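See below for the structure under consideration.
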Amino acid sequence: MELRKIDFSCNNSIASVVLNYPKNLNALDMDMVDELLYVLKKCEEDDSVKVVVISGGPKAFSAGGDIGYFYKEMKSGNLDLDPLIAKAGSISLAIKKMLKPVISSVSGAVAGAGFNLAISCDFCIAANNTKFIQAFVNIGLIPDTGGVYLLTRAIGVQRALDLIMTGRVVSADEAYSLGLVKEVCAPEDLQKRTMEFAAKLAHGPLLAYANNKKLIFSSEYMDYERFLKDEVTAQSACAASEDFREGISAFVEKRKPSFKGR
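The sequence shown begins at 195 in our numbering and counts up one residue at a time.
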């Protein structure tokens with residue numbers, strides 16, 4: 195596969211997956227999702243890869259969905275989110291099932307599906323300028339890419355509800371206090387700190403890591419694949435609503451949405 199929106203390399207047993215489409219702030223569109231699934235499969239199958247690092251740009255790890263594209267497709271009557279939601283969930287599932295450590299290295303905007311991609315990884319290291327946001331509710335949607343499932347298990351139901359129902363911005367320091375982030379550092383130190391940690395893992399007991407991930411998946415995520423199918427159904431219902439059409443229209447038109455609850 196030709197990679198157009200991702201940079202991929204492997205050095206010293208560490209695979210580097212860089213979201214690199216700044217034109218839309220690394221939005222997880224179908225092309226990027228397909229490329230991510232391709233490189234994750236490649237990392238899983240390549241015995242020379244011991245650790246995977248997923249990163250983005252300094253201004254945005256990922257802004258989530260491409261709202262401008264959604265708006266254009268909605269206006270033309272061609273918008274169908276189901277295939278994208280299903281594939282985005284498959285990325286999170288692939289990371290959880292991968293028997294190798296996966297690290298997200300984030301800065302700037304980490305929004306919507308980008309937020310959930312980041313916390314799908316086994317570890318998240320964040321620059322102190324990172325802004326996490328479960329932005330879905332602001333356009334009348336529910337979290338996708340496993341957001342509800344991942345957050346309720348990571349931080350508890352009440353804290354998860356706060357993030358997903360208010361859509362408020364969460365700083366890197368708050369994300370650290372919630373346990374979503376392993377380490378917070380200065381933006382200029384992010385790559386160095388990430389690669390130091392990745393190198394430490396790459397020299398560790400890889401079989402133990404693999405079995406730890408296998409047991410954690412068995413303990414915490416055995417019904418994740420079923421949940422992701424339910425997530426597509428729920429998101430499809432929201433995407434068919436008047437509130438969603440109003441939400442993305444308001445976003446593009448830079449005004450406050452007027453939701454009607456239907």
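Note that beta-carbon positions come from the ideal geometry of N, C-alpha and C, so glycine has one too. Predicted model, so just to flag it, every value in this text is computed and none were measured.
Contact check for A282 against V227 passes: the beta carbons are separated by less than 7 Å.
Distance from A366 to N322 at the Cβ level is roughly 5 Å; contact confirmed, criterion being Cβ atoms closer than 8 Å. A Cβ-Cβ contact shorter than 7 Å links A396 with V245. For the pair A404 and L273, the Cα-to-Cα distance works out to about 40 Å.
Here E440 has G334, P451, S452, F453, K454 as same chain residues with Cβ atoms under 8 Å from its own Cβ, once five neighbours each way along the sequence are excluded. Per DSSP, the continuous beta strand (DSSP E) segment holding V300 begins and ends at 296–300. By the Cβ test, the segment 406–426 is not in contact with the segment 235–250, since fewer than three Cβ pairs between them sit closer than 8 Å.
At least 7 Å separates the beta-carbon of I279 from that of A305.
I313 and E436 have their C-alpha atoms some 30 Å from each other.
Residue range 303–305 is occupied by the beta strand (DSSP E) that includes A305. Beta-bridge pairing by DSSP links K325 to A303, S365. In the structure shown, D228 adopts helical secondary structure according to DSSP, grouped into three states.
Here the C-alpha atom of G271 lies approximately 16 Å from the C-alpha atom of A431. Under the 10 Å beta carbon count, P216 is surrounded by fewer than 16 other beta carbons and is classified as exposed. Using a Cβ distance threshold of 7 Å, K394 and F317 do not count as a contacting pair. Nearest to M389 by C-alpha distance, out of S210, M359, V331, I349, is S210.
I336 carries a coil assignment under DSSP once its states are collapsed to helix, strand and coil. Closest option to L197, judged by alpha-carbon separation, among N205, L230, E267, T427: L230. In terms of Cα proximity to L372, the closest of L345, Q385, S443 is L345. Taking C-beta separations shorter than 6 Å and ignoring five residues to either side along the sequence, the partners of A369 in its chain run F326, V375, following chain order.
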